[in-house]
Amino acid sequence: MDLTIEPETPLYEDSKAFDIVETYHKHLKDDPDVTMPVAAIEALIELLASSRAVTVYETLDLVKTQSDYLKSQIPNSISLSAGTDLFQRYMIQSLKPSSTGNFETVRQHLLSNGRLFVSRAKAARHNIAMLGRDFVRDGSVVLTHGGSRVVGALLDKAAEARASGGNVRFKVIYVMNDARIATISEGAIGYAMGKVDLVIVGAEGVVENGGVISRLGTYQIASLAKAAGKPFYVAAESHKFVRLYPLGQYDLGIDQEVIDFRTEDDEEEKFGDKTPKIEEREEYFEANKIEKSRSDAVDAVDFTPPALISALITESGVWTPSAVSEELISDSSIHKINLEQLIIPWRQEYKISLLK
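Heads up: the sequence shown is residues 0 to 355, going by numbering that gives the first Met the number 0.
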């Protein structure tokens, strides 16, 4: 009997009882300030804590399988995939076969370091705010969009500098309704751009070519800022760096019903020749389609190419898009080398566990 054959997909009883999707949503619900990548990492740490895997190979396989399942259950998984991929790279660099054969010691070390990893990721927003506040100068008018929490923290720090005796006074134009500060519709961005000194937005993901994926409308703001000669900055945590190389808006790998073609022959939507008023829309369109459209409008994202971005403000410093691209590509190469160096010990360790 050949005991050296390893199964392609090992089955673990603990993975059946643990619901990673529910755990992920729980973290998002319990902490409104947590980002999608960090929530995904916290869910994976809970998975490891409940796991009964006894080898490095089993542990890595379990995390990869559950990460893939989580991504398949979230419609827009770009942001959370940055977290799952980052945590898997962290595991590859941290996990090595134990020379003493005591895998539990290795697992506990990984869990404690993983929690430290999460706390540092959460602190990234504060560090970005401290770095980015210097971009907001006295008399500045800042245009922002999308309700980014990291941009909000950055502007708060800039305001604190003024309150503590600094000379910084600035105004904010927010492309969102019902905010307490000056607000405009997306249709008025071009009109307002002449009064703007700089644009600062957040991101759901920073991709390998140095571009960003963010709330729908970010691309057009960046295009208008470029045409007007205004700097366009992106504030984003490094745990949002994602291994994706889109070439355009329709290359993001997610389904978005932003453009929904309709005909006048649709009986359910036929109402007449006139344009309906706001209160008539529910009669003009099906009610369920109204709700779906609103949901899509909130969740939809677009891609802003690196040529439109002046710089990215991260917790480790201010980067040009090309520098971010080099870092991601370099990190990918290192990841592949580490994987090749460790794959033989993983297999040997798994074979030994089978022999036992």
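Glycine included, C-beta positions come from ideal geometry on N, C-alpha and C. Keep in mind it's a predicted model, so treat the numbers as computed, not measured.
message: Buried or exposed, going by whether 16 or more other CB atoms sit within 10 Å of the CB of F302?
response: Residue mapping note: residue 302 aligns to position 303 of the sequence shown, counting from 1. By the 16-neighbour rule on beta-carbons within 10 angstroms, F302 is buried.
Through-space distance from V195 to S139, alpha-carbon basis: Locating residue 139 in the sequence shown gives position 140, counting from the first residue. Locating residue 195 in the sequence shown gives position 196, counting from the first residue. In a straight line, the C-alpha of S139 is about 8 Å away from that of V195.
- prompt: Apart from the five residues just before and just after D32, which ones in its own chain have a Cβ nearer than 7 Å to its Cβ?
  reply: As a first step, residue 32 must be located in the sequence shown, where it is residue number 33. The answer, listed in chain order, is R148.
message: Suppose only complete runs of 4+ residues qualify. What are the alpha helix (DSSP H) ranges in the region 34–119, listed by chain order?
response: Correct list: 35–49, 55–72 and 77–93.
message: Suppose contacts are defined by Cβ-Cβ distances below 8 Å. Is G216 in contact with E185 by that definition?
response: Counting from 1 along the sequence shown, the entry for residue 216 is found at position 217. Counting from 1 along the sequence shown, the entry for residue 185 is found at position 186. Yes, the pair counts as a contact, with Cβ atoms nearer than the cut-off.
message: Per the DSSP calculation, G204 is bridged to which residue(s)?
response: The residue given as residue 204 occupies position 205 in the sequence shown. DSSP output for G204 lists I212 as bridge partner(s).
- prompt: Buried or exposed: D30, going by 16 or more other Cβ atoms within 10 Å of its Cβ?
  reply: Walking along the sequence shown from the start, residue 30 turns up at place 31. Label assigned to D30: exposed.
Unbroken alpha helix (DSSP H) run spanning I188, endpoints: Locating residue 188 in the sequence shown gives position 189, where the first residue counts as 1. Start and end: I188 to A191.
- request: Pick helix, strand or coil for S222, following the three-state DSSP scheme.
  value: Position 223 of the sequence shown holds residue 222. Looking at S222 - three-state DSSP - the assignment turns out to be helix.
message: Am I right that A234 and G131 are in contact with their C-beta atoms under 8 Å? What's the rounded C-beta distance?
response: For this step, residue 234 is matched to residue 235 along the sequence shown. For this step, residue 131 is matched to residue 132 along the sequence shown. Indeed they touch by this definition, with Cβ atoms about 6 Å apart.
- prompt: So, helix, strand or coil for G247, using DSSP?
  reply: Against the sequence shown, residue 247 aligns to sequence position 248. If DSSP states are grouped into helix, strand and coil, G247 belongs with coil.
- request: Kindly identify the DSSP beta-bridge partner or partners of H125.
  value: Residue 125 sits at position 126 when you count from the first residue of the sequence shown. In DSSP, H125 forms no bridge with anything.
- request: Could you spell out the range, first to last residue, of the alpha helix (DSSP H) harbouring I312?
  value: Stepping through the sequence shown from its first residue, residue 312 is reached at position 313. Careful: I312 lies outside any alpha helix (DSSP H), inside the beta strand (DSSP E) at A310 to T313.
field: Which listed residue (Y244, V300, P36 and H144) has its alpha carbon closest to that of A123
entry: Working through the sequence shown from its first residue, we reach residue 123 at position 124. Residue P36 is the option with its Cα nearest to A123.
query: With respect to the alpha helix (DSSP H) encompassing L142, which residues constitute its N-terminal and C-terminal limits?
result: If you number the sequence shown from 1, residue 142 lands on position 143. Where L142 is concerned, there is no enclosing alpha helix (DSSP H), although the beta strand (DSSP E) it sits in stretches over S139 to H144.
query: What does DSSP give as the partner residues of I258 in its beta bridges?
result: Your numbering for residue 258 matches position 259 in the sequence shown. BP columns for I258 are empty, so no partner.
field: Alpha carbon of L197 to alpha carbon of Q219, nearest angstrom
entry: In the sequence shown, residue 197 corresponds to position 198, counting from 1. In the sequence shown, residue 219 corresponds to position 220, counting from 1. Answer to the nearest angstrom: the Cα atoms are 15 Å apart.
- request: Between the Cα of H144 and those of A158, P320, S118 and F231, spot the shortest distance and give me the residue it belongs to.
  value: For this step, residue 144 is matched to residue 145 along the sequence shown. Considering only alpha carbons, the answer is F231.
- request: Would you give the residue range spanned by the alpha helix (DSSP H) that V20 belongs to?
  value: Counted from its first residue, the sequence shown places residue 20 at position 21. Taken as a continuous stretch (DSSP letters only), the alpha helix (DSSP H) holding V20 covers I19 to D29.
message: Just to check my reading of the structure: I253 and N112 have Cβ atoms closer than 8 Å, yes? What is that Cβ distance to the nearest angstrom?
response: Numbered from 1 along the sequence shown, position 254 holds the residue referred to as residue 253. Numbered from 1 along the sequence shown, position 113 holds the residue referred to as residue 112. Not quite, the Cβ-Cβ distance comes to about 32 Å (not below 8 Å), so this is no contact.
- prompt: Just the Cα atoms here: how many angstroms apart are Y249 and Q255?
  reply: Counting from 1 along the sequence shown, the entry for residue 249 is found at position 250. Counting from 1 along the sequence shown, the entry for residue 255 is found at position 256. It is roughly 9 Å from the alpha-carbon of Y249 to the alpha-carbon of Q255.
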